[in-house]
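The opening position of the sequence shown corresponds to residue 598 in the numbering used here, with each subsequent residue numbered one higher.
Yeah, the Cβ is synthetic: ideal placement off N, Cα and C, and Gly gets one too.
Bear in mind the structure is a predicted one, so any value in this text is a computation, not a measurement.
Notes for the one structure printed next.
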Amino acid sequence: MERDNVEINWSTGTGGNYGEDMDNGSHNDFQEIGLPPKKVMSYAGLSLFVLSFVVLGVQSLLDLLARSTVPWIVDTDWYVWALTAISIVGIGFPVYYAFIRRIPDSPKGKVEKLKPTRFIMIFFICYMAMYFTNLMSTVLTLVISLVKGEELVNPVAEAIIGGNFLITLLYAAVIAPIIEEVIFRKLLLDKVRRFGELPAILITGIAFGLFHMNLSQFFYAAVLGFIFAYVVLKTNTIRYSILLHMMINFISSVMAPVLTKNKFIFMAVILLWIGVALTLGVVFAILNYKKVKLEKYQPVMKTSSFFLNTGTILYLLTCLAVIVYATVS
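Listed below in structure tokens is the structure:
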């Protein structure tokens with residue numbers, strides 16, 4: 598990837614002295630904000646835990662209330678999306694913001710433009726990465742289903758297939774990409790990019806994958822999270838990651854189910870798209886992987902400290918518990 602009209606190898610991306618002198622900049626930054634690295638990571642993890650806890654709690658309470666008072670509403674084609682929107686956008690996000698805003702933002706440079714050709718390349722790389730990691734998830738869930746002796750249910754797939762088309766389009770392809778990019782690639786990434794680009798990419802990507810709280814989506818969501826985070830780190834804006842997220846969700850959550858329902862009519866179109874998109878994704882990945890450069894950084898704490906802190910442990914346990922429960926129940 599390159600800046601418009603500028604030849605660069607992506608060795609820096611935060612701008613200013615911070616990107617040029619990361620070895621000392623990271624340590625100085627923690628001193629300036631008056632928080633030790635582990636404390637920053639723990640509070641970021643705690644913010645994610647609060648978000649997940651509130652979302653799960655609100656969904657459970659609203660579902661219980663709906664089933665006990667207006668049970669017919671549960672079978673409508675908009676119920677799942679309404680429950681998701683209220684719990685995440687309406688309640689979860691404001692609470693999350695109230696917590697994570699207490700961590701000062703990391704230093705970063707000016708916004709960089711992404712050429713349309715580069716954006717298109719990244720999109721096909723994203724699609725290719727999503728397809729193959731989703732294929733891996735499908736094989737894994739198939740194995741688990743065989744061991745269990747029953748099919749492993751994917752609640753998201755059920756909501757998409759059985760949901761109202763317009764509401765699915767609005768939430769899955771517009772609202773969800775915006776709110777998720779703000780949560781993970783804006784608010785969270787702005788706090789943890791001071792650890793260095795590689796840690797920031799891994800932290801936000803894994804956190805994003807876990808937030809989906811089901812085995813079917815974890816792997817491809819995490820991988821897409823890595824790519825989205827890299828794009829944001831190099832451009833210092835979430836506008837491109839939001840657009841990529843919208844395009845990916847539109848294809849996987851809106852167009853794919855529509856075409857699948859009419860697969861005998863659109864089979865040739867589906868196969869042609871998959872073949873072309875995967876080929877382009879692989880080619881673009883091969884041509885560009887050597888250009889991917891992460892800025893050098895000096896570790897500010899042990900690798901284990903990224904996980905072994907109160908906030909992160911709470912978030913990990915919450916998400917993993919839900920994933921395991923959904924898998925074995």
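Check	Outcome
Complete runs of the alpha helix (DSSP H) confined to the stretch 779 to 812 [at least 4 residues]	786 to 789, 794 to 808
Spatially closest choice to Asn751 from His809, Leu711, Ala641, by CA coordinates	His809
Run of the alpha helix (DSSP H) containing Thr909, from where it starts to where it stops	907 to 925
Candidates Lys788, Ile839, Val925, of which the one nearest Leu645 by Cα	Lys788
Ile800 versus Ile920 - alpha carbon distance	19 Å
Segments of 4+ residues assigned as alpha helix (DSSP H) that fall wholly inside the stretch 740 to 784	752 to 759, 762 to 767, 773 to 777
Distance CB(Met725)-CB(Gly908) smaller than 8 Å	no
Three or more C-beta pairs below 8 Å linking the stretch 771 to 790 and the stretch 627 to 645	yes
Under 8 Å between C-beta atoms of Leu891 and Glu794	yes
Beta-carbon contacts of Ile741 that lie in its chain and below 8 Å, excluding the five residues immediately before and after	Leu749, Leu812, Thr924
Leu648 (DSSP reduced to helix, strand or coil)	helix
As assigned by DSSP and simplified to three states, the class of Leu632	coil
Nearest neighbour of Ile757, chosen from Thr714, Trp870, Ala679 [CA to CA]	Ala679
Coarse secondary structure for Leu891, derived from DSSP in three states	coil
Contained alpha helix (DSSP H) runs [length at least 4] in the stretch 816 to 875, N- to C-terminal order	836 to 846, 853 to 858
Exposure of Phe815, with buried meaning 16 or more beta-carbon neighbours within 10 Å	buried
Cβ neighbour criterion (16 or more within 10 Å) applied to Ala819	buried
C-beta contact flag for Phe847 and Ser838 at 8 Å	no
Pro796 and Phe903 closer than 8 Å at C-beta	yes
Pro701 in three-state terms, based on DSSP	coil
Distance CB(Phe762)-CB(Ala874) smaller than 8 Å	no
Unbroken alpha helix (DSSP H) run spanning Val667, endpoints	Val667 -> no alpha helix (DSSP H), and no H or E assigned at all.
Own chain residues within Cβ distance below 6 Å of Leu911, not counting five before or after	Phe646
N-terminal and C-terminal residue of the alpha helix (DSSP H) that Val677 is part of	676 to 682
For Gly616, three-class secondary structure by DSSP	In this prediction, Gly616 has a pLDDT of 40, which is less than 50 and means its spatial position is unreliable; nothing more can be read from the coordinates.
Per-residue DSSP class, three states only, for Met898	coil
Reduced DSSP category for Phe720 - H, G, I as helix; E, B as strand; rest coil	helix
Nearest to Pro633 (by Cα), restricted to the options Pro896, Arg782, Ser926	Pro896
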